[in-house]
């Protein structure tokens, strides 16, 4: 068996088991998905604002944008830092470190399995949005769907890499998730989750461009609703950030392992 | 600074630790609000040497007991041997490899079982965890199925593998943990309190299984346990660790010679005697009617026996080595080994 085939078999086993575990926690997953429905609230607020004020968006366009934000946000949700933190603090990371496969693949499998189970819930939420705002109903073109899938995958990769990089701080502090909270605040503000970025002051939009955040939500959402986006530039930036974060994470991983004490185990 | 390289080439040598030391940096924080505020402004740390200059080697197929009180350094040593943590000083070689590099070839050869930590997925049947382990350790499905069947039969858990782990009793869970930990048929087993909290029957079952595994696969086993029955039943050799230092490395039977320079005289008296009368022969450890147990210095045993026969006219008399448990017991309680402390 080739090395790649052996890895694929191991990852497939991780994925199947993660799927079984996720279905066991389906009620919890539903609650998690519902807790991420801020875009539905913002959709109502901004659609009303678009109806009454002067905006470059019509109420239907605004509603459509937030439906797309909801979808992208749900499909790129990452929680690896909490899982990793719990494992470091409780010492259960020790078992993962002694298996001949990098622990990251277990976290990736857990996220992918969760995404498969979450997908019907996300479609249900999108359906709810369309029921609330029938004018927002849209059918993306096949090319938009294909590009959205790629953009969501790239966005997920960068978000995962970013959070996993922050997770390495668990080797130095027991509450790395609190530090990551700062990054999350920037993410919420600069990703286009609160409002389309072209409504921000130009200097904020420029500032956001220097971070990965607009490419994580705003860009995939615009691709989904068929708005013009600098595709090559966006994927280039996402690839750059992914490479930078993965290299940084690997460096911090080896630094952290030297500090790891396997406490509690 | 380069570290001295241990000799990995000794035939049959499976594990070697040389001058192994581990120092932890621990935050020193005073209790209360003032302590918390002070710690916030100016953090202070102290260094704790969990393991100090420990050297030993283990040959392939040996079953070695690692004994010491809580905090003596047993688990820290096991973590260094298994590659979980890097030694502060010294070198360690397991099967000719540096454990901390955690190369796949090394990881496939070892397993670490921790009685207090489980690797099985809590909410799924053990079978699911076994499927992952089989794939991760690159065991072909038919071979994995055969091994699971074989180990499950040895451990008597065949009917339990499809139940969620959370529904299993502690003993059943530990058996399944062992199954998962041994599925890849490791040659080196680090077992940290594998019988912790189990009832006597479950302890016995685990012991029998470990003995069988060691004999069947010629596996090298390093076992820590607070239950002396585990050590006496399984280990011919013992490492005693006290406050991070190795104070004894040798045969279990020789511990008595080294740490107990006394014998026990069990006497059945012909007529009742008082403690005061008996104390002229040795230390009275127990007096119950006509039965008495005396502790006598090894060098004075011969004289004491002669005097007992002459003066007490006993109906029965046995000279015994003290039980291992009675010698190691104080060590497990963190009291050291008294005047014989090596």
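Protein chains in written order, with the working numbering: chain A, 1150 to 1414; chain W, 344 to 685. Here a beta-carbon is modelled for each residue, glycine too, at the ideal position from N, C-alpha and C.
Problem - Same chain, Cβ closer than 8 Å to residue 523 (chain W), five either side skipped, listed in chain order - result: The residue you call residue 523 (chain W) lines up with position 180 of the second chain. Here the set comprises 462, 463, 469, 472, 473, 476.
Exercise for the section: Express the C-alpha separation of residue 1404 (chain A) and residue 390 (chain W) in angstroms, rounding to a whole number. Expected result: Counted from its first residue, the second chain places residue 390 (chain W) at position 47. Counted from its first residue, the first chain places residue 1404 (chain A) at position 255. Roughly 20 Å separates the two Cα atoms.
Problem - CB contact check: residue 1168 (chain A) to chain W, cutoff 8 Å - result: Position 19 of the first chain holds residue 1168 (chain A). With 8 Å as the cut-off, residue 1168 (chain A) does not count as an interface residue toward chain W.
Handout entry: Limits of the unbroken beta strand (DSSP E) element including residue 619 (chain W)
Key = For this step, residue 619 (chain W) is matched to residue 276 along the second chain. No beta strand (DSSP E) contains residue 619 (chain W), which is instead part of the alpha helix (DSSP H) from 618-621.
Problem - residue 575 (chain W) vs residue 418 (chain W) beta-carbon contact at 8 Å - result: Within the second chain, residue 575 (chain W) is the residue found at index 232, counting from 1. Within the second chain, residue 418 (chain W) is the residue found at index 75, counting from 1. It is not a contact, given that the beta carbons lie outside the stated cut-off.
Exercise for the section: Go ahead and pull the three-state DSSP assignment for residue 357 (chain W). Expected result: Mapped onto the second chain, residue 357 (chain W) falls at position 14. The answer is strand: DSSP assigns residue 357 (chain W) an E or B state.
Practice task
Report yes or no: is there a C-beta of chain A within less than 8 Å of the C-beta of residue 479 (chain W)?
Solution key: Here residue 479 (chain W) corresponds to residue number 136 of the second chain, with the count starting at 1. At a cut-off of 8 Å between C-beta atoms, residue 479 (chain W) counts as an interface residue with respect to chain A.
Practice task
Using three-state DSSP, classify residue 1256 (chain A) as helix, strand or coil.
Solution key: Reading the first chain from its first residue, position 107 is the one you call residue 1256 (chain A). Helix.
Handout entry: Under 7 Å by beta carbon: chain A residues contacting residue 466 (chain W)
Key = As a position in the second chain, residue 466 (chain W) is number 123, starting the count at 1. From the beta-carbon of residue 466 (chain W), the residues of chain A found nearer than 7 Å are 1170, 1173.
Exercise for the section: Indicate whether residue 1213 (chain A) and residue 1287 (chain A) have their beta-carbon atoms separated by less than 8 Å. Expected result: For the purposes of this step, residue 1213 (chain A) is identified with residue 64 of the first chain, where counting begins at 1. For the purposes of this step, residue 1287 (chain A) is identified with residue 138 of the first chain, where counting begins at 1. In this structure, the beta-carbon distance from residue 1213 (chain A) to residue 1287 (chain A) falls below 8 Å.
Practice task
Using a Cβ-Cβ cut-off of less than 7 Å, list which residues of the segment 1223-1251 of chain A approach chain W; keep chain order.
Solution key: Going along the segment 1223-1251 of chain A in chain order, one finds 1240, 1241, 1243, 1244, 1246, 1247, 1248, 1249, 1250 with a Cβ nearer than 7 Å to chain W.
Practice task
Report the rounded CA-to-CA distance for residue 1412 (chain A) versus residue 367 (chain W), giving the unit in angstroms.
Solution key: In the first chain, residue 1412 (chain A) corresponds to position 263, counting from 1. In the second chain, residue 367 (chain W) corresponds to position 24, counting from 1. Answer to the nearest angstrom: the Cα atoms are 11 Å apart.
Exercise for the section: Would you please verify whether the beta carbon of residue 1259 (chain A) is less than 8 Å from any beta carbon of chain W? Expected result: Position 110 of the first chain, counted from the first residue, corresponds to residue 1259 (chain A). No, no contact with chain W.
Exercise for the section: Keeping to the same chain, check which residues put their C-beta closer than 7 Å to that of residue 1308 (chain A); ignore five residues upstream and five downstream. Expected result: Stepping through the first chain from its first residue, residue 1308 (chain A) is reached at position 159. Only 1225, 1227, 1365 meet the Cβ criterion.
Practice task
Could you tell me whether the segment 1340-1350 of chain A touches the segment 1252-1266 of chain A, where touching means 3 or more Cβ pairs closer than 8 Å?
Solution key: In short, these stretches do not touch, since the Cβ pair count stays below three.
Handout entry: Beta-carbon spacing of residue 1242 (chain A), residue 455 (chain W) below 8 Å
Key = Along the first chain, read from residue 1 onward, the residue named residue 1242 (chain A) stands at position 93. Along the second chain, read from residue 1 onward, the residue named residue 455 (chain W) stands at position 112. Cβ distance not < 8 Å, so residue 1242 (chain A) and residue 455 (chain W) don't count as in contact.
Practice task
Measuring alpha carbon to alpha carbon, tell me which of A:1396, A:1220, A:1193 ends up nearest residue 1304 (chain A).
Solution key: By 1-based counting over the first chain, the position of residue 1304 (chain A) is 155. For residue 1304 (chain A), the closest C-alpha among the options A:1396, A:1220, A:1193 is that of A:1220.
Problem - Listed by chain order, chain A residues near residue 441 (chain W) by CB distance under 7 Å - result: As a first step, residue 441 (chain W) must be located in the second chain, where it is residue number 98. In chain A, no part has a C-beta under 7 Å from the C-beta of residue 441 (chain W); the shortest such distance is about 13 Å.
Exercise for the section: Identify whether residue 1273 (chain A) lies in helix, strand or coil by the three-state DSSP scheme. Expected result: Mapped onto the first chain, residue 1273 (chain A) falls at position 124. DSSP, reduced to helix, strand and coil, places residue 1273 (chain A) within a helical segment of the structure shown.
Problem - C-beta contact flag for residue 1318 (chain A) and residue 1328 (chain A) at 8 Å - result: Start at 1 with the first residue of the first chain, and residue 1318 (chain A) comes out as number 169. Start at 1 with the first residue of the first chain, and residue 1328 (chain A) comes out as number 179. Their beta carbons are under 8 Å apart, which means residue 1318 (chain A) touches residue 1328 (chain A) by this criterion.
Exercise for the section: Could you check how far apart the C-beta atoms of residue 557 (chain W) and residue 406 (chain W) are, in whole angstroms? I think they sit under 8 Å. Expected result: For the purposes of this step, residue 557 (chain W) is taken as the residue at position 214 of the second chain. For the purposes of this step, residue 406 (chain W) is taken as the residue at position 63 of the second chain. That belief holds up - the Cβ atoms of residue 557 (chain W) and residue 406 (chain W) are roughly 5 Å apart, short of 8 Å.
Handout entry: Contact set between residue 1158 (chain A) and chain W, taken where Cβ atoms lie within less than 7 Å
Key = Translated into the one-based positions of the first chain, residue 1158 (chain A) becomes position 9. Those are 478, listed as they occur along chain W.
Problem - Continuous beta strand (DSSP E) stretch holding residue 593 (chain W): start and end - result: On the second chain, position 250 is the one that residue 593 (chain W) refers to. Looking at the DSSP string, the run of the beta strand (DSSP E) that includes residue 593 (chain W) is 588-594.
Handout entry: chain W contacts made by the segment 1399-1411 of chain A, where a contact means CB separation under 7 Å
Key = Those would be 1407, 1409, 1410, 1411, in chain order.
Practice task
Ignoring anything shorter than 4 residues or poking outside the segment 358-415 of chain W, list the alpha helix (DSSP H) runs there in chain order.
Solution key: 375-384, all fully within the segment 358-415 of chain W.
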